[in-house]
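Going by this note's numbering, the sequence shown wraps up at 282, each residue one higher than the last. Quick reminder that beta carbons are idealized off the backbone N, C-alpha and C, glycines included. Note that this is a predicted model, so its numbers are computed, not measured. Let me begin by presenting the structure, written as structure tokens, before commenting on it.
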Amino acid sequence: MLRRYVLASFFCIVLTSALAAGTKEQLIQLQTDVLDLQTKLVSLQKNTDANAKLVRDLLIQIKDDLGLAATAVKDINKRMLKQEGEADANYTDLIKQIRALGEKLDDGNQRLSVLADKFDKMRLKEEPAKPGVVNAPPADELYTNAYKDFLSTAFDLSLQEFQDFLRFYPNSDRAPEAQYYIGESYYGLKRYGEAIKAFAEVTAKYPTAAVNAPALLKAGLAHFELGNRPDAINRLQTVIEKYPEAPEASIAKKRLELMGVGLKPAAPSRPKPGRSTTKRRS
């Protein structure tokens, strides 16, 4: 389940947090995990039916909880910098806070599992399969199963199912999202090169789709995982420039901060046409 993804890194931090060595690196990893969760929530919000108020309210609550968790990470990081070099006994309260943070993330991921079940019950309006296709599953069933497997981190299954969806229903309204989740599935499998190609297909084939911003963001993260720092920075900065009001822009800014990269300065404003910038001679 999705909760295992967070808890794997969380327990590593708790078990070693009493040691001064390496704690900063572990907190940075925790911050990264929180950003990954926020990225998933943004994607979930864009795939929620506009009339599904119950599901939407659940997403808002989870997002708020993870926002509090991210704030807690920052506070812990500040405290640890102040306590650096002091006795190990001073880390007792710090460990308690980290454990509380883990419980918060665990609770959020449990509710994500509930969300997956709700999506399983939602009907998706899809077109019929291509003529001549034999044994094609219903579009709503195929997409929902693929999405549920993705949320359960069964990335091998979700990859195959989303690929099947595009093969059977290439002209569906859900095609851009299916292509995006092919990239997400590759990313979950740590096949970052293939993930980058899949995300590039999103922007190339569906330039006006709602998943363009998250595709560009995840392409940047995939480049980072491969050690392609310049390409990663380029993609993240592009997200901020092209989609400044999107949630992905906020996530891109936070990731650049973790990388120690400042934002590009705003372009200087040009003088309005028709106005001379030179002074008249008296």
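Segment contact: the segment 132 to 150 against the segment 177 to 187, three or more CB-CB distances shorter than 8 Å; contact assigned. Fewer than three Cβ pairs drawn from the segment 222 to 229 and the segment 238 to 246 lie within less than 8 Å of each other, which leaves the two stretches out of contact.
A200 and L216 have their alpha carbons spaced roughly 8 Å apart.
A straight-line Cα-Cα distance of about 17 Å links T153 and E194.
Under the 10 Å beta carbon count, P244 is surrounded by fewer than 16 other beta carbons and is classified as exposed. Membership of V211 in any alpha helix (DSSP H) is not indicated, and neither H nor E is assigned to it by DSSP. Following the DSSP letters along the chain, one finds L166 inside the alpha helix (DSSP H) bounded by residues F155 to F168. When DSSP states are grouped into helix, strand and coil, S172 belongs to the coil group.
With 16 or more other Cβ atoms inside 10 Å of its own Cβ, G183 counts as buried. Residue environment: N212 is assigned as buried (16 or more neighbouring CB atoms within 10 Å of its CB, all protein chains considered). Rounded to the nearest whole angstrom, the C-alpha separation of A232 and K190 is 16 Å. In the DSSP annotation of this structure, the continuous segment of the alpha helix (DSSP H) that includes V239 starts and ends at R229 to K242.
Per DSSP, reduced to three states, the secondary structure at V261 is coil, with no helix or strand assignment. A direct Cα-Cα distance of roughly 14 Å separates L157 from L166.
Less than 9 Å divides the Cβ of Y187 from the Cβ of K218. In the three-state scheme derived from DSSP, where H, G and I count as helix and E and B as strand, L151 is classed as helix. In the three-state reduction of the DSSP assignment, N135 falls in the coil class, being assigned neither a helical nor a strand state. Taking C-alpha positions only, A252 is separated from N228 by approximately 16 Å. In the displayed model, A178 falls within a helix according to three-state DSSP. Of the other Cβ atoms in all chains shown, fewer than 16 fall within 10 Å of the Cβ of L258; this residue is therefore exposed. Residue state for L189 is assigned as coil, using DSSP reduced to three classes. If you draw a straight line from the Cα of S172 to the Cα of G262, it is about 40 Å long. By the C-beta density criterion, A204 is exposed, having fewer than 16 other C-beta atoms within 10 angstroms.
Between the alpha carbons of T208 and V202 lies a gap of roughly 10 Å.
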